[in-house]
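Residue numbers (the numbering used here): 103 to 209.
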Amino acid sequence: MKSLFETLNVPLVPYMESFARLESSANDEDESAATSVNSRAALRMTHFYRLGLNASNSTESMGLLAKVRSEKGLRASPSLRSDSVLPLSAQDVNDWVANWRKIGFLP
């Protein structure tokens with residue numbers, strides 16, 4: 103996650119602070135009709151992000167990701183078991199961001 107924030111040159115802030123900013127934006131948006139469609143779509147998800155405030159001890163994704171197990175997949179897939187499968191790297195993040203910028207998804 104740190105690589106993404108560094109590549110985008112945005113600060114990494116605690117979840118509580120991030121959610122407070124989002125909620126404040128949602129409240130401001132209620133008062134202003136002149137907002138972009140993308141902004142309104144993101145702000146409609148505040149109820150989902152609020153669930154992260156209830157995460158007990160979870161620091162990984164604030165408990166917002168589904169819990170998954172990989173044992174069956176590992177047994178069934180030689181590719182998943184292979185040592186040639188590398189973990190994601192900072193270069194992967196840089197490549198994604200470059201592509202997102204190329205297609206206009208990011209400025």
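Here a beta-carbon is modelled for each residue, glycine too, at the ideal position from N, C-alpha and C.
Would you check if the distance between the CB atom of leucine 124 and the CB atom of tyrosine 151 is smaller than 8 Å? In the sequence shown, the residue the question calls residue 124 occupies position 22. In the sequence shown, the residue the question calls residue 151 occupies position 49. Yes, the pair counts as a contact, with Cβ atoms nearer than the cut-off.
So, under 8 Å CB-CB, asparagine 201 and threonine 109 are touching, yes? Tell me the CB distance rounded to an integer number of Å. On the sequence shown, residue 201 is found 99 positions in, with the first residue counted as 1. On the sequence shown, residue 109 is found 7 positions in, with the first residue counted as 1. Contact flag wrong, Cβ pair sits at about 12 Å.
Where the alpha helix (DSSP H) through phenylalanine 207 begins and ends: Taking the first residue of the sequence shown as 1, we reach residue 207 at position 105. Looking at the DSSP string, phenylalanine 207 is not in any alpha helix (DSSP H), and its letter there is neither H nor E.
Given this structure, state the Cα-to-Cα distance separating glutamate 119 from proline 180, to the nearest angstrom. Looking up residue 119 in the sequence shown gives position 17. Looking up residue 180 in the sequence shown gives position 78. One C-alpha to the other measures close to 42 Å.
Whole-angstrom Cβ separation of leucine 182 and leucine 176, contact assumed at under 8 Å? Residue numbering aside, residue 182 sits at position 80 when the sequence shown is read from its first letter. Residue numbering aside, residue 176 sits at position 74 when the sequence shown is read from its first letter. That belief holds up - the Cβ atoms of leucine 182 and leucine 176 are roughly 5 Å apart, short of 8 Å.
Any non-hydrogen atom of the ligand PLP closer than 7 Å to leucine 106 Cβ: Questions concerning the ligand PLP fall outside what the structure shown contains, since it holds no ligand whatsoever.
For alanine 128, which residues from the same chain have a beta carbon less than 6 Å from its beta carbon, with the 5 sequence-adjacent residues on both sides left out? The sequence position of residue 128 within the sequence shown is 26, counting from 1. Here the set comprises Leu145 and Thr148.
With distance defined between alpha-carbon atoms, name the residue in Phe207, Leu208, Ile205 and Ser191 nearest to serine 105. Within the sequence shown, residue 105 is the residue found at index 3, counting from 1. Per the Cα distances, Ser191.
Quick check: the Cα distance between tryptophan 198 and valine 112, rounded to an integer number of angstroms? Here the question's residue 198 lines up with position 96 in the sequence shown. Here the question's residue 112 lines up with position 10 in the sequence shown. So the alpha carbons of these two residues sit roughly 16 Å apart.
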